[in-house]
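Colleague: Submitted below is the structure of interest, expressed as structure tokens.
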């Protein structure tokens, strides 16, 4: 009985202290009406220890209130997995591997501006047998460049053995095959790795929204295949095939700001510098003749 009264007394004193000189509000404590509070001193709790306890609770509440500053604040489970579980391949401007880093750090604009966050990427351009190019609109939940229209698939080789293979650019091809399944539901057998034709590499830097951006050494991979597409809504908002004229109309609308239409910066760089010439080779069946992997085009 003595310990129960002591506990009740301690709770009473906590409530009294919380309502006195502390500026931060404290949780209200309620006691059962069946207990009378004794007027005698409390033997097991000192005033100093109770004040320290209250300060500790205040600090904890403050930490909870600032959880919005956590790196993954506001991200759903899919976004956290994509940004933190896998690591990009860091490279120098000559495409030599120099390390690895989380996607989160690789895409923070302040780190891009102050550190070496240049990493490998790839952009897939998939054409059907009518020589139409498959485009996707990125999902609204994407951390970087949400709802922009872009080429078929854009992502990163990861820092893992199968995607670090340099011979015949096999690592990048493996990554492209993996990501076409992840984003568009295209099975590996529909896009064999030996059917991807690496045409060129470009180095660019582009901000997204002030917090995020890209600094990539991007492999341009072309493939001509008829495929079934089953978009993953976590990755893709919409898809469509376009011919040359339809793409030109898309570019016109984006330039005019019509319909809120936006294009990804890397796609626009490819369109302005490579795409239509490569499209000629797609239609002629001479893509391999257009390959120029020795040059890294610096378009920043």
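In the UniProt record's numbering, the protein residues as written are 1 to 300.
Heads up, the beta-carbon is just placed ideally off N, CA and C, and yes, glycines get one too.
Since we're looking at a predicted model, the values are computed, not measured.
With distances taken between CB atoms, is the gap from residue 200 to residue 292 smaller than 8 Å?
Modeller: Taking the chain shown and counting its residues from 1, the one referred to as residue 200 is at position 200. Taking the chain shown and counting its residues from 1, the one referred to as residue 292 is at position 292. The answer is yes: Cβ separation under 8 Å.
Colleague: Locate the alpha helix (DSSP H) running through residue 178, then write down its first and last residues.
Modeller: For the purposes of this step, residue 178 is identified with residue 178 of the chain shown, where counting begins at 1. Here the alpha helix (DSSP H) through residue 178 covers 170 to 184.
Colleague: Kindly indicate which residue of 281, 214, 287, 294 has the alpha-carbon position closest to the one of residue 112.
Modeller: Residue 112 sits at position 112 when you count from the first residue of the chain shown. When each option's Cα is compared against that of residue 112, the closest is 214.
Colleague: Less than 8 Å between the C-beta atoms of residue 95 and residue 261, yes or no?
Modeller: Locating residue 95 in the chain shown gives position 95, where the first residue counts as 1. Locating residue 261 in the chain shown gives position 261, where the first residue counts as 1. No; because the gap between Cβ atoms is not below 8 Å, this pair is not in contact.
Colleague: Just the C-alpha distance for residue 318 and residue 90, rounded to the nearest angstrom, thanks.
Modeller: Absent from the model: residue 318. The displayed extent of the chain is 1 to 300, so no value can be given.
Colleague: Taking DSSP as the reference, what is the three-state secondary structure of residue 275?
Modeller: Looking up residue 275 in the chain shown gives position 275. Residue 275 falls in the helix class under three-state DSSP.
Colleague: Report buried or exposed for residue 60, applying the criterion of at least 16 other Cβ atoms within 10 angstroms of its Cβ.
Modeller: Within the chain shown, residue 60 is the residue found at index 60, counting from 1. Reliability of the predicted coordinates at residue 60 is poor, the pLDDT of 35 falling under 50, and the value obtained from them is presented with this limitation in mind. Looking at its Cβ environment, which holds fewer than 16 other Cβ atoms inside 10 Å, residue 60 is exposed.
Colleague: What residues are listed by DSSP as bridge partners for residue 102?
Modeller: For the purposes of this step, residue 102 is identified with residue 102 of the chain shown, where counting begins at 1. 87, per the DSSP bridge assignment.
Colleague: Taking the alpha helix (DSSP H) that residue 140 belongs to, which residues open and close that run?
Modeller: Here the question's residue 140 lines up with position 140 in the chain shown. It is not in any alpha helix (DSSP H) - residue 140 carries neither H nor E in the DSSP assignment.
Colleague: Tell me the DSSP bridge mates of residue 204?
Modeller: In the chain shown, residue 204 corresponds to position 204, counting from 1. The partner list for residue 204 (beta bridge, DSSP) reads 216.
Colleague: Starting from residue 240, follow its DSSP beta bridges and name the residues at the other end.
Modeller: On the chain shown, residue 240 is found 240 positions in, with the first residue counted as 1. According to DSSP, which records beta bridges pairwise, residue 240 is partnered with 135.
Colleague: Measure from the alpha carbon of residue 268 to the alpha carbon of each residue in 87, 110, 135, then state which is nearest.
Modeller: In the chain shown, residue 268 corresponds to position 268, counting from 1. For the residues 87, 110, 135, the minimum Cα distance to residue 268 belongs to 135.
Colleague: Are the beta-carbon atoms of residue 144 and residue 212 separated by less than 8 Å?
Modeller: Walking along the chain shown from the start, residue 144 turns up at place 144. Walking along the chain shown from the start, residue 212 turns up at place 212. Closer than 8 Å, so yes.
Colleague: Buried or exposed: residue 252, going by 16 or more other Cβ atoms within 10 Å of its Cβ?
Modeller: As a first step, residue 252 must be located in the chain shown, where it is residue number 252. Classification of residue 252: exposed, given that the 10 Å Cβ count is below 16.
Colleague: For the alpha helix (DSSP H) holding residue 268, just list the boundary residues, first then last.
Modeller: Counting from one through the chain shown, the residue named residue 268 turns up at place 268. Its alpha helix (DSSP H) spans residues 265 to 270.
Colleague: Do residue 184 and residue 154 have their beta-carbon atoms positioned less than 8 Å apart in this structure?
Modeller: Here residue 154 is taken as the residue at index 154 of the chain shown, counted from 1. Here residue 184 is taken as the residue at index 184 of the chain shown, counted from 1. No, they are not a contact pair.
Colleague: Just curious, the alpha helix (DSSP H) that residue 113 is in, first and last residue?
Modeller: The residue labelled residue 113 in the question sits at position 113 within the chain shown. Start and end: 109 to 114.
Colleague: Going by the beta-carbon positions, is the gap between residue 106 and residue 159 smaller than 8 Å?
Modeller: As a working mapping, residue 106 is identified with position 106 in the chain shown. As a working mapping, residue 159 is identified with position 159 in the chain shown. Their beta carbons are not under 8 Å apart, which means residue 106 does not touch residue 159 by this criterion.
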